[in-house]
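Enquirer: I'd like to ask you about the structure that follows.
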Amino acid sequence: MATSFIIAFSLFNFLIIYGSLFYIMNMKITLKRVIWCLLVNSFVTVLAIYFQHSLWIPMVASILLSMGLFYIFSRRKMVFLHMFVIYIISILAEYTALFVVVALNLPSIIHGVLIVLLIAIVVVIYKAYLLHYTDKIRLSMLSQILLALILIITFIVFYTLIFLPAEKGDIQISTINLMTLFVYFLIMIGLTSVLLRTISKENLLNQKMIEQQQFTQYMHALEQVNREMQTFRHDYANILLSLRGYIEQEDLVGLRKYFNDQIIKEEQRTLFKNQMFSQLENLEMIEIKGLIATKLLIADEYHIPMNIEIPDTIHDIAMDRIHLSRILGILLDNAIEASTSLDDPKINLAFIAMTNNVVIVIENKTTSDIVNSKHLFEEQYSTKGENRGIGLYNLRKILSNYDNVTLNSRIENHWFIHEIIIDGGM
Amino acid sequence: MRIILCEDDDLQRNFLHKTITNYALFHEPSIEIVLSASQPDEVLSYLEQRQADCYFLDIELNHPLNGMDVAVEIRKRDPLATIIFITTHADRLKLTFTYKLAALDFIVKDTPEQISKQVIEVLQVAFNKYKQLGEFDQSEMLQIKIGERIKNIKIHDIYFIETSSSPHKLELHEKNGYYEFYGKLKEFEELAESLYRCHKSFLINLQHVKELNAKERTVTMANGAVCSISFRLFRELQRRLSLMNETKL
Chain P
1 MATSFIIAFS LFNFLIIYGS LFYIMNMKIT LKRVIWCLLV NSFVTVLAIY
51 FQHSLWIPMV ASILLSMGLF YIFSRRKMVF LHMFVIYIIS ILAEYTALFV
101 VVALNLPSII HGVLIVLLIA IVVVIYKAYL LHYTDKIRLS MLSQILLALI
151 LIITFIVFYT LIFLPAEKGD IQISTINLMT LFVYFLIMIG LTSVLLRTIS
201 KENLLNQKMI EQQQFTQYMH ALEQVNREMQ TFRHDYANIL LSLRGYIEQE
251 DLVGLRKYFN DQIIKEEQRT LFKNQMFSQL ENLEMIEIKG LIATKLLIAD
301 EYHIPMNIEI PDTIHDIAMD RIHLSRILGI LLDNAIEAST SLDDPKINLA
351 FIAMTNNVVI VIENKTTSDI VNSKHLFEEQ YSTKGENRGI GLYNLRKILS
401 NYDNVTLNSR IENHWFIHEI IIDGGM
Chain E
1001 MRIILCEDDD LQRNFLHKTI TNYALFHEPS IEIVLSASQP DEVLSYLEQR
1051 QADCYFLDIE LNHPLNGMDV AVEIRKRDPL ATIIFITTHA DRLKLTFTYK
1101 LAALDFIVKD TPEQISKQVI EVLQVAFNKY KQLGEFDQSE MLQIKIGERI
1151 KNIKIHDIYF IETSSSPHKL ELHEKNGYYE FYGKLKEFEE LAESLYRCHK
1201 SFLINLQHVK ELNAKERTVT MANGAVCSIS FRLFRELQRR LSLMNETKL
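Chains as they are written, first to last, in our numbering: chain P, 1 to 426; chain E, 1001 to 1249.
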């Protein structure tokens, strides 16, 4: 009797736990995965039959094994969080159903139906809740661990308070405990949603602040260019005077030299910079604008010509702005650094809007003509010695979170070229 | 190879016309200029009925439409056409030309000697491309589209392709770089004899295998990267490698 009950229970457990996980994580159900789940589940069942009197052993085994299994399936750390949430949900649902059935003296078939119904409802709510918040909140590693810890402790407390008395047949205590916990749970949900709301608000505020900062930087950069134009205009009178001096003395050689060295060069540089800034106007993302403007001025300080092409207006790019600025920052820093040691440096940057995607190209002149793709993204690698390769490693790590972004890096005709293709958005 | 020329400045246009016809006369008689236009409208109305193979377009046309707009129209009709831009602004729009319009090259307005030198160079490249269009052996190449630009990667240069942690994304490692694109490894298995799917997540190029490690069941490629081999394919991989070495000797 006990054995058949355990088997039925474990099958139940199997369907609920794995089904909810597949649903919450949006994972494809393949034959292979189902077989693996079945295997793990039967192992747990055997354990449960073997340790009939201390059910916590199969319980813990089940949690650990399924967590491991789903982590292997999905490679996402969120599995650990979801797992505990589902367990807590299922325990709550099972016992709520049990008490309802006992209290109203309903047939046991209702019990099963009730459990499934309750779990389904809560899981659906949970997923909606998740979807609502994932975009707004970035949890750091630490807060993820803390959250998982809170869930584990909640789970243990639940288990000892409800499961143990119920096992000893003390339904009365169990009922009271369940009630208390139910209230506790409701309060917790309320508090967490308040907390989440505050965090998302803070995040938004932070983002606004960064935006503000970038905008200020952009304004500063514009002002500087403007000042240079002013100085040039201011020098105009002086320049004309010097020109007149050369002309009056009919010093054609001196005139040519003065004109080419002093006027053309300076003016071209200022005009060039001005033109690059006008290209930036097509980019309607202020953070990115600010970043590029800043890098443009740094490149200019090193006398590295940096060409910017943004032929069409770009409203948005289907990527987190903070991630996008980090990526561009890394690539532009690398390009500038690599260019400082060259005789004839050049950096090109382009944002090209196609119908379905945006292509960002960053390229810089280089002397080497071969790059090893194996080392390119390693933590310590750089073409310029040790401890400088962190950038590209981080870059790839950030991009690995995006299913809609691809990256190409190569050397071609003495250009080191990076292409980032972002699908969607605009 | 049929050429269309669009340049609003008469002097420049005549000069380009002369340079191209001269080159054709002495080197490639099959090159002919079918239209020499001063206005983009002429090119567009010509395109209504017929096409050409190669277009020389001035960017800064004295007209509401500029050369880039004309190029967009041409691309709509003929994705394979060769487009060459003529511009006064050095290489200020180089990336736009290549990625948005898949232009072959651009000619910078300079001294006449410089221009004619550039024209001849680019004509040679364009003509070679035109010749190869018919007999182009795509089996030797893997093509990736970046914007409008089509990047050909020689299969011989590929070390290996692996699946990425994101679904449907593949990562290709080759001699001079690294590429990501969407697809499934299965689509590339049959691409060439030398590519072998030695693991669920790896398609390696047998030509670039440096060494096999039987204990760890891995294979080290020429660039030092290590790929896994699945248990049941290790023997087969060994067999293929020795077979390849034999045929080489």
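Glycine residues also receive a C-beta, built at the ideal position from the N, C-alpha and C atoms. Since we're looking at a predicted model, the values are computed, not measured.
Which chain A residues sit within Cβ distance under 8 Å of residue 350 (chain P)?
Expert: Absence of chain A from the displayed structure is noted, the protein chains being P and E.
Enquirer: Taking the alpha carbon of residue 1191 (chain E) as the reference point, which residue from E:1158, E:1217 and E:1222 has its own alpha carbon closest?
Expert: Answer by Cα proximity: E:1158.
Enquirer: Could you check the C-alpha separation between residue 1069 (chain E) and residue 352 (chain P) for me, to the nearest Å?
Expert: Approximately 15 Å, taken between the alpha carbons.
Enquirer: Which residue from P:179, P:326 and P:359 puts its Cα closest to that of residue 1146 (chain E)?
Expert: Closest option to residue 1146 (chain E), Cα to Cα, is P:359.
Enquirer: Beta-carbon within less than 7 Å of residue 385 (chain P)'s beta-carbon, same chain only, minus the 5 sequence neighbours each way: which residues are those?
Expert: A caution first: residue 385 (chain P) carries a pLDDT of 46, below 50, which makes its placement in the model too unreliable to give a value.
Enquirer: Rounded to whole angstroms, what's the CA-CA distance from residue 92 (chain P) to residue 26 (chain P)? Just pull it up for me.
Expert: Spanning the two alpha carbons is a distance of roughly 24 Å.
Enquirer: Assess contact between the stretch 1222-1237 of chain E and the stretch 1197-1207 of chain E, defined as three or more Cβ pairs (one per stretch) separated by less than 8 Å. Is contact present?
Expert: Judged by Cβ distances under 8 Å, the stretch 1222-1237 of chain E makes contact with the stretch 1197-1207 of chain E, as three or more pairs qualify.
Enquirer: Can you tell me whether residue 283 (chain P) is helix, strand or coil according to DSSP?
Expert: Three-state result, residue 283 (chain P): strand.
Enquirer: Give a yes or no on whether 9 Å exceeds the smallest Cβ distance from residue 1181 (chain E) to chain P.
Expert: Residue 1181 (chain E) counts as touching chain P.
Enquirer: What residue from E:1098, E:1161 and E:1063 has the CA that sits closest to residue 1075 (chain E)'s CA?
Expert: With distances taken between Cα atoms, residue 1075 (chain E) lies closest to E:1098.
Enquirer: Round the Cβ separation of residue 302 (chain P) and residue 330 (chain P) to the nearest angstrom and send it over; I've been treating them as touching at under 8 Å.
Expert: In fact, because the Cβ distance is near 18 Å, the residues do not count as touching under 8 Å.
Enquirer: What is the DSSP secondary structure of residue 261 (chain P), reduced to helix, strand or coil?
Expert: Residue 261 (chain P): helix per DSSP, three-state reduction.
Enquirer: In terms of DSSP beta bridges, what is residue 412 (chain P) paired with?
Expert: Answer by DSSP bridge pairing, in chain order: P:415.
Enquirer: Scan the stretch 1080-1166 of chain E and note each continuous beta strand (DSSP E) run of 3 residues or more that stays entirely inside, going in chain order.
Expert: As far as the stretch 1080-1166 of chain E is concerned, its whole beta strand (DSSP E) runs of at least 3 residues are 1082-1087, 1105-1108, 1141-1146, 1149-1154 and 1158-1163.
Enquirer: Mind checking whether residue 363 (chain P) and residue 418 (chain P) have CB atoms under 9 Å apart?
Expert: Yes, they are a contact pair.
Enquirer: Does the distance from the C-beta atom of residue 7 (chain P) to that of residue 82 (chain P) stay below 9 Å?
Expert: Not a contact, by the Cβ cut-off of 9 Å.
Enquirer: Using 8 Å for Cβ pairs, my map puts residue 1017 (chain E) next to residue 1039 (chain E). What's the rounded Cβ distance?
Expert: 15 Å between Cβ atoms; not a contact.
Enquirer: According to DSSP, is residue 1252 (chain E) helix, strand or coil?
Expert: Since the first residue shown for chain E is 1001 and the last is 1249, residue 1252 (chain E) is missing from the structure and cannot be characterised.
Enquirer: State the beta-bridge partners of residue 12 (chain P) as determined by DSSP.
Expert: None; residue 12 (chain P) has no bridge partner.
Enquirer: On the premise that residue 1229 (chain E) lies in contact with residue 1217 (chain E), defined as a C-beta separation below 8 Å, what is that separation, rounded to the nearest angstrom?
Expert: Between residue 1229 (chain E) and residue 1217 (chain E) the Cβ distance is about 5 Å, and since that is below 8 Å, they are a contact.
Enquirer: At a Cβ cut of 7 Å, what residues of the stretch 1063-1077 of chain E count as close to chain P, listed as they run along the chain?
Expert: Here the close residues number zero.
Enquirer: Does any C-beta atom of chain E lie closer than 9 Å to the C-beta of residue 9 (chain P)?
Expert: It does not; no Cβ of chain E falls within 9 Å.
Enquirer: To the nearest whole angstrom, what separates the beta carbons of residue 1057 (chain E) and residue 1046 (chain E), a pair I think is in contact under 8 Å?
Expert: Not a contact, Cβ separation roughly 13 Å.
Enquirer: May I ask which residues mark the beginning and end of the beta strand (DSSP E) holding residue 1177 (chain E)?
Expert: Element bounds for residue 1177 (chain E): 1177-1182.
Enquirer: By the 7 Å beta-carbon criterion, what residues does the stretch 1216-1229 of chain E contribute toward chain P?
Expert: Within the stretch 1216-1229 of chain E, the qualifying residues are 1223, 1224 and 1225.
Enquirer: Mind checking residue 401 (chain P): buried by the 16 CB within 10 Å criterion, or exposed?
Expert: So residue 401 (chain P) counts as exposed.
Enquirer: Any residues in the stretch 1159-1185 of chain E with a beta carbon nearer than 8 Å to a beta carbon of chain P? Which ones, in chain order?
Expert: Answer in chain order: 1159, 1164, 1165, 1166, 1167, 1168, 1169, 1173, 1174, 1175, 1176, 1177, 1178, 1179, 1180, 1181 and 1182.
Enquirer: I'd like the list of long-range same chain contacts for residue 1011 (chain E), defined as Cβ closer than 7 Å, with 5 residues on each side in sequence excluded.
Expert: The answer is none, since no qualifying residue turns up.
Enquirer: Give the single residue among P:314, P:297 and P:195 whose Cα lies nearest to the Cα of residue 306 (chain P).
Expert: When only C-alpha atoms are compared, the closest one is P:297.
Enquirer: Which of the three DSSP states is assigned to residue 1169 (chain E) in this structure?
Expert: Here residue 1169 (chain E) sits in strand by DSSP.
Enquirer: Measuring alpha carbon to alpha carbon, tell me which residue in P:202, P:34, P:312 and P:291 is nearest residue 1095 (chain E).
Expert: Out of P:202, P:34, P:312 and P:291, P:312 has the C-alpha closest to the C-alpha of residue 1095 (chain E).
Enquirer: List the endpoints of the continuous beta strand (DSSP E) containing residue 367 (chain P).
Expert: No beta strand (DSSP E) contains residue 367 (chain P), which DSSP labels as neither H nor E.
Enquirer: CA-CA distance, residue 1109 (chain E) and residue 1225 (chain E)?
Expert: Approximately 46 Å between the Cα atoms of the pair.
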